[in-house]
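As you go down the protein sequences, you meet chains E and D in turn. Take the first sequence: its position 21, counted from the start at 1, is 21 in full-length UniProt numbering, and no numbers get skipped. Take the second sequence: its position 265, counted from the start at 1, is 265 in full-length UniProt numbering, and no numbers get skipped.
2 protein chains.
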Amino acid sequence: MTRTVDDHAAAVAGLLHPLAARPVEPVPVRLAAGRRNATEVRSPADLPAFRNSQMDGYAVRAQSIADVPVTLPVDATVAAGAVAAPLSAGAAMKVMTGAPIPAGADCVVPVEDTTRQPDGHVRIERTRAAGEYVREQGDDVRAGALLVPAETGLRPRHVAALAAVGLTQIEVYRRVRAVVITTGDELTPAGTPLRPGQVYDSNGVALATYLAADGVEVVTVTHAPDEPERLRGLLDDAATRADLVLTSGGISMGDFEVVKATLQPLGGEFGHVAMQPGGPQGLSVLHGIPVLSFPGNPVSTVVSYLVFARPTLRTLAGLDPVAPRTLPLLGELNSTPGKRQFRRGRIAGHGVEPVAGPGSHLIAAMARADVLIDLPADVTAVAAGSDVRVWAL
Amino acid sequence: MTRTVDDHAAAVAGLLHPLAARPVEPVPVRLAAGRRNATEVRSPADLPAFRNSQMDGYAVRAQSIADVPVTLPVDATVAAGAVAAPLSAGAAMKVMTGAPIPAGADCVVPVEDTTRQPDGHVRIERTRAAGEYVREQGDDVRAGALLVPAETGLRPRHVAALAAVGLTQIEVYRRVRAVVITTGDELTPAGTPLRPGQVYDSNGVALATYLAADGVEVVTVTHAPDEPERLRGLLDDAATRADLVLTSGGISMGDFEVVKATLQPLGGEFGHVAMQPGGPQGLSVLHGIPVLSFPGNPVSTVVSYLVFARPTLRTLAGLDPVAPRTLPLLGELNSTPGKRQFRRGRIAGHGVEPVAGPGSHLIAAMARADVLIDLPADVTAVAAGSDVRVWAL
Chain E
1 MTRTVDDHAA
11 AVAGLLHPLA
21 ARPVEPVPVR
31 LAAGRRNATE
41 VRSPADLPAF
51 RNSQMDGYAV
61 RAQSIADVPV
71 TLPVDATVAA
81 GAVAAPLSAG
91 AAMKVMTGAP
101 IPAGADCVVP
111 VEDTTRQPDG
121 HVRIERTRAA
131 GEYVREQGDD
141 VRAGALLVPA
151 ETGLRPRHVA
161 ALAAVGLTQI
171 EVYRRVRAVV
181 ITTGDELTPA
191 GTPLRPGQVY
201 DSNGVALATY
211 LAADGVEVVT
221 VTHAPDEPER
231 LRGLLDDAAT
241 RADLVLTSGG
251 ISMGDFEVVK
261 ATLQPLGGEF
271 GHVAMQPGGP
281 QGLSVLHGIP
291 VLSFPGNPVS
301 TVVSYLVFAR
311 PTLRTLAGLD
321 PVAPRTLPLL
331 GELNSTPGKR
341 QFRRGRIAGH
351 GVEPVAGPGS
361 HLIAAMARAD
371 VLIDLPADVT
381 AVAAGSDVRV
391 WAL
Chain D
1 MTRTVDDHAA
11 AVAGLLHPLA
21 ARPVEPVPVR
31 LAAGRRNATE
41 VRSPADLPAF
51 RNSQMDGYAV
61 RAQSIADVPV
71 TLPVDATVAA
81 GAVAAPLSAG
91 AAMKVMTGAP
101 IPAGADCVVP
111 VEDTTRQPDG
121 HVRIERTRAA
131 GEYVREQGDD
141 VRAGALLVPA
151 ETGLRPRHVA
161 ALAAVGLTQI
171 EVYRRVRAVV
181 ITTGDELTPA
191 GTPLRPGQVY
201 DSNGVALATY
211 LAADGVEVVT
221 VTHAPDEPER
231 LRGLLDDAAT
241 RADLVLTSGG
251 ISMGDFEVVK
261 ATLQPLGGEF
271 GHVAMQPGGP
281 QGLSVLHGIP
291 VLSFPGNPVS
301 TVVSYLVFAR
311 PTLRTLAGLD
321 PVAPRTLPLL
331 GELNSTPGKR
341 QFRRGRIAGH
351 GVEPVAGPGS
361 HLIAAMARAD
371 VLIDLPADVT
381 AVAAGSDVRV
391 WAL
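Right, dumping it as structure tokens:
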């Protein structure tokens, strides 16, 4: 296969789409932010549950204060959380914010507009219409009304609303569970001294970190040796524990391409996408589980993940999409014709400046970048000041 | 005290500022995303650690392929992770991406530009200059060079770079630890049937959820009864376990303002900020710990948090600031003169439409909003189509 970035992105999205129908599980409302709910939530009750005062003040009948100033006897004080007795005719009742409005009252006079008299009466300085400073039962949400639609990426504001109507748990989709498998016999775990020819394995950590940021549960991060039987065993095992497998390395033009050698005979598609970095790409389905195979150069792995996996995974998790921005380029860039190029850039003022060269091994330099600069396949040179499209890293 | 929003925000920021100097702790690099590092990180080694091939292909001396096509004997194959013997004069050595460049070679010919002959020799179709497709030792980062500056909000790209140079842990600031205390005898925990006059406590859950999203460790969420001695006990306890206390409720004009009654005698400042919702505000320091006291209406609590606490807490955590946007208002709004008003709104197309009224009890409606619409204190009416400033919820 040889594909454009858009075509391959569509193929990946198609492979991941069935994960939208993954199982649901209950979570406590207090832990629901960052999850995606499966079914709509209707309010189990009116909110407010009862007519209550919007202010600290005096509940009265509006007609009792039609001529002001007026002095009224005060029946009692109603705290929030208390139960109010009915208001006596022509009297006032002191109410705190949130306290029930006593039967017989129809408005509240804020305490700032009143003066308590030595004899316990209250002097009221201005009139109020019926309904003023009164919160009616159900005026925020009615019992049975929609509170949170299905398929909502839950945010703290949803959690607050769910808690306010007294809900303690909510059904959300299980997080997508991913296994990450890195390959390449030269890769060495951090913490071990490097022998000649070896490099540290950053791909496993990088993919796991991005996956977690995109709402995915990372089940395991494993390094596979360049032996197809061992890799096959790891893949078989992953398929029993995860919804998705990401691999890095082993899919290019070398003599020891273990991922391609293992998955191509099982029906995996391996080929080239017209992009830099990240040209070699593979897509397989093993035991019904999608396997996305990225090239092993560290920047290629990350860029492949960001371009192909991140958009769908964020949607599945209910997280906000990463939207591109258009900014003027500070500096010049050249690009290989026929390949969409993703260069690293750094926002500086109102523009974006290139960071380091195009090399797919420049993973340390990528720490200084905060965006990918997205150069279309037909672009060969970008002049300083030209608008370019950038994606947050 | 009576203050503008900006003045009170500055006072809160000043109170929280000392938390920037909180203790540091080591975390594994793989868990460092979302933390803020205390000290700069310099690379412990060159990256690449050795001169290596950028492509699968043949390492040669450029002068051996000055006249093409040319056919060269092939010394051996060097896999990534292997150690290369020196290149024989006039020969080629097959190298995989990432494999060491053998001594004596100075460029790599991509495999695509070669043909292996039946006799094992390789035919090379085009010339290459010295250095082509060779990654020089240290050309990503040199040993001792700055990899991640101090006070960086660590992102997956930093984690990838730290892993690539073989680091396994990094010193980061301990998360800010917060205790949330809600007050109001009418508040009832979710899961309990409401008695007359009671409401569910959404403020604790809402504040805890926002705090977690802003990188704060929520130590406990407690409800305090309207008894100053009990609240004082909870505050004393919080000061031993947290860096920050947030309270809701008990600071307004009522007769039972437990937070104000407890903290004002200890030097806490309680007064009014010229805003809606969220007018009553309190700031105290107890046992050296800042205590931010927000009003108890659910929308007031959340808006107070977003306006006063979120900006500093996100900075302390190393998270991106929430930046305002300017959008045309779809609909009209009125605002109380002299008070900065934060209305709830929803992004719709290229504009923002108001959601529900100004009432500070409308917490269920806030689930439908995704921004706060920020109306300056001197604004009394906003016409449809006017630009307004909005902040993400």
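Each residue gets a CB set at the ideal place from its N, CA and C atoms; glycine is no exception.
Item	Value
Spatial neighbours of SER386/E within its chain, please: CB distance less than 8 angstroms, with the 5 preceding and 5 following residues excluded, ordered by chain position.	PRO328 and LEU329
For GLU257/D, which of GLN276/D, THR182/D and VAL285/D has the nearest alpha-carbon?	THR182/D
With 16 as the cutoff for other CB atoms within 10 Å, does VAL322/E come out buried or exposed?	exposed
Output the distance between the C-alpha atoms of HIS287/D and THR220/D, rounded to the nearest integer angstrom.	18 angstroms
Curious, which full-length alpha helix (DSSP H) runs of at least 4 residues does the stretch 279-320 of chain E contain?	298-304 and 310-317
Between ILE363/D and VAL134/E, what straight-line distance do the alpha-carbon atoms span, to the nearest angstrom?	16 angstroms
Whole angstroms is fine: what's the gap from VAL41/D's alpha carbon to GLN63/D's?	41 angstroms
Measure the C-alpha to C-alpha separation of GLY291/D and ASP185/D and round it to an integer number of angstroms.	Per the sequence shown, the amino acid found at residue 291/D is Val instead of Gly. VAL291/D and ASP185/D: Cα-Cα distance of roughly 20 angstroms.
Just the Cα atoms here: how many angstroms apart are VAL352/E and LEU393/E?	13 angstroms
Judging by CA-CA distance, which residue of ALA85/D, ALA103/D, ALA91/D and PRO110/D is the nearest neighbour of THR97/D?	PRO110/D
Below 8 angstroms on the Cβ atoms is my contact criterion, and I expect VAL301/D with ALA206/D to pass it. Report the Cβ-Cβ distance as a whole number of Å.	Per the sequence shown, the amino acid found at residue 301/D is Thr instead of Val. Rounded, the Cβ-Cβ distance is 7 angstroms, consistent with contact.
Within a Cβ cutoff of 8 angstroms, which residues of the same chain sit near PRO48/D, ignoring the five residues on either side of it in sequence?	ARG135, GLU136, GLN137, GLY138, ASP139 and ASP140
I need the straight-line Cα distance from ASP75/D to HIS272/E, nearest angstrom please.	29 angstroms
Any beta carbon from chain E within less than 7 angstroms of GLU186/D's own beta carbon?	yes
Chain E partners of SER252/D, CB-CB under 7 angstroms?	ASP56 and THR97
By DSSP, does SER64/D sit in helix, in strand, or in coil?	helix
How far does the alpha helix (DSSP H) with HIS158/D in it reach, from first residue to last?	156-164
Where does HIS223/D sit, in a helix, a strand or coil, going by DSSP?	strand
Can you tell me whether DSSP reads HIS8/E as helix, strand or coil?	helix
Any chance you could list the beta strand (DSSP E) runs of at least 3 consecutive residues sitting entirely within the stretch 26-63 of chain D, in chain order?	57-60
Using DSSP with H/G/I as helix, E/B as strand and the rest coil, what is ALA212/D?	helix
Which one of VAL29/E, GLY345/E, HIS350/E and LEU194/E has the shortest CA to CA distance from ASP46/D?	LEU194/E
Compute the distance between the beta-carbons of SER284/E and PHE294/E, then report whether it is under 7 angstroms.	no
What did DSSP end up calling MET93/D once you bin it into helix, strand or coil?	strand
DSSP beta-bridge partners for TYR173/D?	VAL24/D
Hey, does TYR200/E have any beta-carbon neighbour from chain D nearer than 7 angstroms?	yes
Does the ligand FMN have even one heavy atom less than 6 angstroms from the beta-carbon of VAL95/D?	The ligand FMN is not part of the structure shown, which contains no ligands of any sort.
Got a sec? Which residues, its chain only, sit under 8 angstroms from ARG230/D by beta carbon, not counting five neighbours each side?	ALA224
Between the alpha carbons of ILE101/E and GLY254/D, how many angstroms are there, rounded?	15 angstroms
DSSP three-state call for VAL258/D: helix, strand or coil?	helix
Bridge partners of ALA392/D, per DSSP?	VAL371/D
Assign GLY120/E to buried or exposed, taking buried as 16 or more other Cβ atoms, counted over all protein chains shown, within 10 Å of its Cβ.	exposed
Quick check on this structure: which residue in LEU87/D, ASP214/D and THR336/D has the alpha carbon closest to the alpha carbon of ALA177/D?	At residue 177/D the sequence reads Arg, which differs from the Ala that was named. Nearest C-alpha to ARG177/D: ASP214/D.
Consider the Cβ of ILE363/E: report whether some Cβ of chain D lies at a distance smaller than 7 angstroms.	yes
Anyone know if the C-beta pair for ARG155/D and ASP106/D falls short of 7 angstroms?	no
So with CB distances below 7 angstroms, who are the chain E contacts of TYR210/D?	PRO156
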